[in-house]
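Since the structure comes first, as structure tokens, the remarks are kept for the end.
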Amino acid sequence: MVQQSTVTVTGYVGADPKMLGEGEGKVPCCVFRVASTRRYFNRKDGRWEDLPTTWMQVRTYRSLALNIKDSISRGDPVIVNGQLTSDSWKDSQGNTRTALSIEAQSVGHDLSRGVARFQRMAPSDREDGSAIRRTDAPHDAQQQNPEFEDEDQEAQF
Numbered sequence: 039m040v041q042q043s044t045v046t047v048t049g050y051v052g053a054d055p056k057m058l059g060e061g062e063g064k065v066p067c068c069v070f071r072v073a074s075t076r077r078y079f080n081r082k083d084g085r086w087e088d089l090p091t092t093w094m095q096v097r098t099y100r101s102l103a104l105n106i107k108d109s110i111s112r113g114d115p116v117i118v119n120g121q122l123t124s125d126s127w128k129d130s131q132g133n134t135r136t137a138l139s140i141e142a143q144s145v146g147h148d149l150s151r152g153v154a155r156f157q158r159m160a161p162s163d164r165e166d167g168s169a170i171r172r173t174d175a176p177h178d179a180q181q182q183n184p185e186f187e188d189e190d191q192e193a194q195f
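So for the sequence shown, our numbering puts the first residue at 39; every next one is plus one.
Structure, rendered in structure tokens:
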């Protein structure tokens with residue numbers, strides 16, 4: 039059985055996302071950093087207090103990477119879900135450094151902090167499965183689900 043650490047993190051985008059590996063035959067990759075600050079209520083002082091901020095790099099691939107590039111900006115509140123990984127490297131002094139990162143399967147705006155409009159992507163014939171055209175998909179649920187056109191009709195669950 040494979041052990042995978044799936045995490046969900048909420049926070050704010052620290053800088054505009056960067057595309058890597060662009061070009062013919064390359065898998066699109068987009069990276070950005072998320073700052074997440076845990077808070078707790080200090081009953082003694084009667085106020086909220088912040089714990090230290092945790093910074094994580096987020097990596098996205100294929101259609102998610104392309105959509106991130108067009109949807110997410112510095113300062114946006116986001117929710118990131120994916121596999122937690124640990125990246126190690128040697129710094130200029132030869133010391134081994136380690137940082138947490140997330141290989142995201144899904145990313146979205148945190149709607150507890152604002153509003154957003156969703157725009158569907160059209161299916162693609164590209165080998166990597168990424169969508170290449172935006173559709174004019176309606177935002178109205180009644181238009182998306184014609185079986186609920188009658189306002190008096192309720193969904194049966």
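Ideal Cβ positions, reconstructed from N, Cα and C, are used throughout, including at glycine.
None of the values given here were measured: they were computed from a predicted structure.
#1: By the 10 Å Cβ neighbour count, where 16 or more other Cβ atoms means buried, how is residue 153 classified, buried or exposed?
#2: How many Å lie between residue 121 and residue 107 at the Cα?
#3: Measure the C-alpha to C-alpha separation of residue 118 and residue 80 and round it to an integer number of angstroms.
#4: In chain order, which continuous runs of the beta strand (DSSP E) of length 3 or greater are located wholly inside the stretch 71-132?
#5: Could you check how far apart the C-beta atoms of residue 96 and residue 160 are, in whole angstroms? I think they sit under 8 angstroms.
#6: CB residue 55 to CB residue 67, shorter than 8 angstroms?
#7: For residue 144, which three-state DSSP category applies?
#8: Could you have a look at residue 64 and say whether DSSP puts it in helix, strand or coil?
#9: Could you pull the start and end residues of the beta strand (DSSP E) that residue 51 belongs to?
#10: Secondary structure at residue 69, three-state DSSP: helix, strand or coil?
#11: Can you tell which of 52, 41, 57 has its C-alpha closest to the C-alpha of residue 73?
#12: Between which two residues does the beta strand (DSSP E) carrying residue 57 extend?
#13: I'd like to check one pair, residue 140 with residue 47: are the Cβ atoms closer than 8 angstroms?
#14: Check whether the Cβ atoms of residue 98 and residue 145 lie closer than 8 angstroms to each other.
Considering the structure as presented:
#1: Answer is exposed; the Cβ neighbour count stays below 16.
#2: Cα-Cα distance, rounded: 20 angstroms.
#3: In this structure, the straight-line span from the alpha carbon of residue 118 to that of residue 80 is close to 28 angstroms.
#4: With a minimum length of 3 residues, the continuous beta strand (DSSP E) runs that stay inside the stretch 71-132 are 85-99, 115-128.
#5: Going by Cβ atoms, the distance from residue 96 to residue 160 rounds to 25 angstroms, so no, they are not a contact pair.
#6: It is not a contact, given that the beta carbons lie outside the stated cut-off.
#7: Three-state result, residue 144: strand.
#8: In this structure, DSSP gives residue 64 a state outside helix and strand, which the three-state scheme calls coil.
#9: Looking at the DSSP string, the run of the beta strand (DSSP E) that includes residue 51 is 44-51.
#10: Here residue 69 sits in strand by DSSP.
#11: Nearest to residue 73 by C-alpha distance, out of 52, 41, 57, is 52.
#12: Counted as a single uninterrupted DSSP element, the beta strand (DSSP E) harbouring residue 57 occupies residues 56-58.
#13: Less than 8 angstroms separates the beta-carbon of residue 47 from that of residue 140.
#14: Taking 8 angstroms as the Cβ cut-off, residue 98 and residue 145 qualify as a contacting pair.
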